[in-house]
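Taking it in order: structure first as structure tokens, then the write-up.
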Amino acid sequence: MEVDYVNPLIGTPSSGFMEGRDGGGTMPCVGTPFAMTNFVAQTRENKISEMPYFYEDNTIQGFMATHQPTVWMGDYGYVSVMPQVGKLKLLPKDRALPFTHKDEISKPNYYSVSMGDKSQKIKGEIAAASRCGIFQFTFPKSDESHIIIQGINITENKKAFHGYIKIDENKREITGYNPERMSSHLGPELKNFKGYFIIQFDKPFERFGTWNSFRTEPDIIEMGKEQTGARMGGYISFKTEKNEKVKVKIATSFISLDQARENLTREIPDWDFNKVAENTRDIWQENLSRIKVNGTTEDQKSIFYTALFHTMLFPREFSEYGRYYSPFDDKVHDGVSYNDYSLWDTFRALHPLLHFTQPERVSPMIQSLLQMYQEGGWLPKWPNPTYTNIMTGTHADAVIADAYIKGFRDYDLDLAYEAVRKNAMHPPYRDTEKPWGDRDEGTLYEARGGLTYYHSLGYVASDKTRESVTRTIEFGIDDFSIAQMAKDMGKMEDYGRLMGWSKNYKNLYNKETGFLNARLFNGDWDKNEQEGFTEGGRWTYLFGAMHDIEGSIELFGGKEKFAAKLNENFDGQHYRHDNEPGHHYAYLFNYAGQPWKTQELIRKHTSTINYRNHPLGINGNDDCGQMSAWYVFGVMGFYPVTPGTEIFAIGAPQFPELILSLRKNGEQKSFRIKANKLSDENMYIQSVKLDGKVLDEPLITYTQIMNGNLLEFEMGKNPSPTAFKNN
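Following the UniProt record's numbering, the numbering of the sequence shown begins with 1 at its first residue and continues without gaps.
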């Protein structure tokens, strides 16, 4: 079954394929698709720049309920527990137990690991739903067995983030909350934010207590029932027989303890560990089997289904059975909610992929963005879980417009347009007084910092606003996307303005250098040719105007010169697959009349140079599913280059057959992708037919896919300049 091919350990090392490169930023979490809370074995104290689990580590410090979306974002409202025998050790590094990966099993629905010395081995197992998890710990014979609870773990000087726990030995229960948000310095204050938890045990407590670590050694309060603090927790102690199993249930909520209890009643009402694991397995199987692959190796299936698994984790569910806490107005509301949108990354491929694999979630995800707009005043850029000034552009615009154009409209359309239009038309408060910048602290939410100059000068000025070139390009991408929505709604005045602004990137083209360069307020070129970019340089963004490829070709002097510059980019090793701005670059040869170059590059970059069935298996940060979504589209044979349109660029299928299970007008249908004569040598397209009709250009639309049944490729070992008539 498809779920059995998933290897959640792929992407979990901290290091990347090369020195200086990041790892995949994933973790072997357990839970249902898009789970609100991830349950994972903790190998280190997680923080911004470190995940709770890294494959290189060799000790386990806890079993955690976490909300950390990716390595460069912060956790919030977390809690962990840790089994132990012998002397009570409370702090993470003190309580850590050694393990080896041969004693570890990781699946989407189940995780297990054996820890500790040979004579005192403890086995830890995890099963989970969306908001609740269940752990099963198998102890050795011991008169001193413990489970340590860590409710919060930050430095004592962050007094505003004191957590709370309460022990009720009669109910065999610990309740509490953790108000910490590791990204709090990047966004507004939230006085009411708390990650509530209820921890229940199936074994009576013989002893218990609380602890608080203001100093190096924790202060232990034996039989203590309540504790507050910034680095504190509790513990329970008992005797165990050999191989005795102790089960622990954790319920989480952002609304209240009562809601956490309701979540537990709904998701894990009893102590049947195996039932939880099997139910979650069935849910994953249903979701993963929406794409079936045939004729591939076992390794290829593991890479593919792990990638598909990674595309079904974020944005995470944030509502709790009809209600949700909003981190945008600090209140509880009725409705459905999602959070942790890595929009700078995921607008490119992840969200377009969900149109096929998760159509039932697309409109609710957009509705969630609109609720953030209503509750906070702006659409978010990277909610974690509230506003953060992280990355550039307002790519919720592209996500909303792209879904709208493809027919996903089960939300307030007027409100949606109002929200995206505000981003395009209204500069942030005190725009000309601030230089803005990625991860600025202590500032208001910026939306499109530098928009004043973008409107008045035709570009963002580098001596006024940081990351000016990137901003100019990405504001244009979003403006183009909004313009398509405006046109469809009959708002032609807006359409004209937005389309005009979307060409502003051209004002940064420097004929002398052949690159998009930063410009000063006075119109002069910035002398630093690497100035003005986000996570990259001038090569990273040279072909970044994905919304105006024809305009870019014209800017470079025609198709031949454009293709030559593309070749220079790839041949000169300037392309970095681990960096999202270039994810559409391989497909641009289609527009320059050389689609066989696209086919070569898709074969190359879907190969083991970027994706492997190994923990070191993603070449760079997966960024909440974007790297994985790129791979899924890559092997399917088409890719969404331009948001706000129905068009997909043809790449080249990498598997002999894929079958997509799609939903059209509420009914199930299949779309089959077949690559005849595909082999290691036969990577080039000779012809493509859609339901028997030859495609004349290397493009296909969303409507054609949804209405079609069979996309059939004839493959060969030589490039075919005549594969498409209209090159």
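Beta carbons are placed, not taken as given, at the ideal position from N, Cα and C, and that holds for glycine.
Report task. Determine contact between the segment 502 to 509 and the segment 546 to 556, defined as no fewer than three beta-carbon pairs at a distance below 8 angstroms. Result -> yes
Query raised in the report: In its own chain, which residues sit with a C-beta less than 6 angstroms from the C-beta of S363, not counting the 5 before and 5 after it?
Result: F408, D410 and Y411
Query raised in the report: What is the DSSP secondary structure of S256, reduced to helix, strand or coil?
Result: coil
Requested in this report: Give the straight-line distance between the Cα atoms of Y324 and Y76, rounded to the nearest whole angstrom.
Outcome: Those two C-alpha atoms are separated by around 16 angstroms.
Query raised in the report: Going by Cα to Cα distance, which pick from V71, V79 and Y373 is closest to T394?
Result: Y373
Query raised in the report: Per the contact definition of three or more C-beta pairs closer than 8 angstroms, is the segment 240 to 251 in contact with the segment 93 to 107?
Result: no
Requested in this report: State the Cα-Cα distance for the pair G335 and P327, rounded to the nearest angstrom.
Outcome: 14 angstroms
Requested in this report: Below 8 angstroms CB to CB, which residues in the same chain sit around Y631 once its five sequence neighbours on both sides are set aside?
Outcome: Take Y631, set aside five residues on each side of it, and the residues of its chain with a beta-carbon closer than 8 angstroms to its own are I303, F304, A307, T606, N610 and Y611, in chain order.
**Report entry** Secondary structure of Q42, DSSP reduced to three states
**Finding:** strand
**Report entry** Assigned exposure category for K597 - 16 Cβ within 10 Å defines buried
**Finding:** buried
Query raised in the report: Are the Cβ atoms of V293 and F655 separated by less than 7 angstroms?
Result: Against a cut-off of 7 angstroms, the Cβ pair of F655 and V293 comes out as a contact.
Query - Three-state secondary structure assigned by DSSP to G376 - result: helix
Query raised in the report: What's the call for E433, buried or exposed, on a 16-neighbour Cβ count within 10 Å?
Result: exposed
Query raised in the report: T722: which of N709, E712 and P698 sits nearest, CA to CA?
Result: P698
Requested in this report: Specify the secondary structure class of E560 as computed by DSSP and reduced to three states.
Outcome: The answer is helix: DSSP assigns E560 an H, G or I state.
Query - K381 versus R44 - alpha carbon distance - result: Distance between the alpha carbons of K381 and R44: 29 angstroms.
Query raised in the report: Is it buried or exposed for M223, if we count other Cβ within 10 angstroms and need 16 for buried?
Result: exposed
Report task. Check whether the Cβ atoms of A65 and I250 sit closer than 7 angstroms, and answer yes or no. Result -> Cβ atoms of A65 and I250: closer than 7 angstroms.
Query raised in the report: By Cβ distance, which residues of its chain are closer than 6 angstroms to E104, with the 5 residues on each side in sequence left out?
Result: V113
Query raised in the report: Buried or exposed: which applies to N718, given that a residue is buried once 16 or more other Cβ atoms fall within 10 Å of its Cβ?
Result: exposed
Requested in this report: Apply the 10 Å Cβ neighbour rule to I709 and answer buried if 16 or more other Cβ atoms are within range, or exposed otherwise.
Outcome: Just to set this straight, residue 709 is Asn in the shown sequence, not Ile. When all chains shown are included, N709 counts as exposed.
Report task. Could you pull out every unbroken alpha helix (DSSP H) segment of at least 4 residues lying fully inside the segment 284 to 355, listed in chain order? Result -> 298 to 310 and 343 to 346
Query - Secondary structure, beta strand (DSSP E): runs of 3+ residues fully inside the segment 590 to 662 - result: 647 to 650
Report task. Below 6 angstroms CB to CB, which residues in the same chain sit around A592 once its five sequence neighbours on both sides are set aside? Result -> K559, F562 and A563
Query raised in the report: Can we say the segment 470 to 488 touches the segment 196 to 216, given the rule of at least three CB pairs closer than 8 angstroms?
Result: no
Query raised in the report: Buried or exposed: which applies to K565, given that a residue is buried once 16 or more other Cβ atoms fall within 10 Å of its Cβ?
Result: buried
Requested in this report: Quick one: which unbroken alpha helix (DSSP H) runs of 4-plus residues sit fully inside the segment 81 to 117? Chain order, please.
Outcome: 92 to 95
Requested in this report: Report all residues from its chain with a CB closer than 7 angstroms to the CB of D299; omit the five preceding and five following residues, and keep chain order.
Outcome: N613
Query raised in the report: Which two residues bound the contiguous beta strand (DSSP E) that contains W211?
Result: It spans R207 to N212 - the beta strand (DSSP E) in which W211 sits, taken as one unbroken run.
Query raised in the report: In chain order, which beta strand (DSSP E) runs of at least 3 residues are fully inside the segment 656 to 718?
Result: 657 to 664, 667 to 676, 684 to 690, 699 to 701 and 710 to 716
Report task. Return the first residue and the last residue of the beta strand (DSSP E) that G234 is part of. Result -> R231 to T240
Query raised in the report: Buried or exposed: where does Y321 fall if 16 or more other Cβ atoms within 10 Å of its Cβ makes it buried?
Result: Per the 10 Å Cβ criterion, exposed.
Query raised in the report: Where does the unbroken alpha helix (DSSP H) through H146 begin, and where does it stop?
Result: Careful: H146 lies outside any alpha helix (DSSP H), inside the beta strand (DSSP E) at S142 to N153.
Query raised in the report: Can you name, in chain order, every residue of its own chain whose Cβ lies under 7 angstroms from the Cβ of A649, other than the five neighbours on each side?
Result: Y587, N590, F638, Y639, V641, P698 and L699
Query raised in the report: With C-beta atoms as the reference, is A419 less than 7 angstroms away from L444?
Result: no
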